[in-house]
């Protein structure tokens with residue numbers, strides 16, 4: 013494995029099936045949140061920004077599955093907090109979507125871009141607002157998220173909360 017952010021092989025080369033199996037096991041460590049084993053495999057040379065066929069990094073998988081210790085371990089070993097998957101989603105947006113406040117907090121503490129929007133302009137604050145995740149919204153706003161930011165369609169976090177019927181999020185945004 014190389015130290016690149018992408019795990020795809022050079023053009024025209026087949027990937028060794030045993031290497032693919034090993035990579036799958038590493039991705040499973042991130043999904044399960046096995047921080048100690050993630051640290052060990054990175055220390056043995058697995059790139060901290062290893063990505064799967066969907067562009068999901070180890071950090072994205074650990075974030076999306078709510079594993080604070082694994083997220084911290086990956087970040088402390090060089091994982092990029094803003095590395096997007098093939099859909100342009102960031103780990104912080106994935107954690108906001110799933111409602112993992114501790115993961116969002118850890119990502120922010122390690123330099124994640126609070127305003128890092130997906131290709132459609134949707135920010136983590138908009139995602140949190142859509143799903144009425146008020147504690148995450150407060151955390152994001154405290155770290156500089158802009159409640160009046162607009163996505164590509166011109167919608168704000170308040171608009172997103174309104175479309176989803178997220179009443180608590182709407183109230184919080186009206187007071188922000």
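Residue numbers (my numbering): 13 to 188. Beta carbons: idealized from backbone N, C-alpha and C, even for Gly. Small disclaimer: the values here were computed from a predicted structure and weren't measured.
Whole-number beta carbon distance between residue 173 and residue 142, since they are thought to touch under 8 angstroms: Mapped onto the chain shown, residue 142 falls at position 130. Mapped onto the chain shown, residue 173 falls at position 161. In this structure residue 142 touches residue 173 by the C-beta definition: roughly 6 angstroms separates them, less than 8 angstroms.
Got a sec? Which residues, its chain only, sit under 6 angstroms from residue 147 by beta carbon, not counting five neighbours each side? As a working note, residue 147 is residue 135 in the chain shown. Cβ neighbours of residue 147 beyond the five flanking positions: 113.
Along the chain, which unbroken stretches of the alpha helix (DSSP H) at least 4 residues long are found entirely within the segment 130–154? 136–142, 146–154
Can you name the start and end residues of the alpha helix (DSSP H) that residue 43 belongs to? In the chain shown, the residue the question calls residue 43 occupies position 31. Following the DSSP letters along the chain, one finds residue 43 inside the alpha helix (DSSP H) bounded by residues 29–44.
Considering only residues of the same chain and omitting the five flanking positions on each side of residue 68, which have a CB-CB separation below 7 angstroms? Start at 1 with the first residue of the chain shown, and residue 68 comes out as number 56. Counting only Cβ-Cβ distances below 7 angstroms, and skipping sequence neighbours, we find 97.
Starting from residue 168, trace the alpha helix (DSSP H) both ways and give me its first and last residue. Indexing the chain shown from 1 puts residue 168 at position 156. From DSSP, residue 168 is part of no alpha helix (DSSP H); its letter is neither H nor E.
Under 8 angstroms between C-beta atoms of residue 46 and residue 82: Locating residue 46 in the chain shown gives position 34, counting from the first residue. Locating residue 82 in the chain shown gives position 70, counting from the first residue. The answer is yes: Cβ separation under 8 angstroms.
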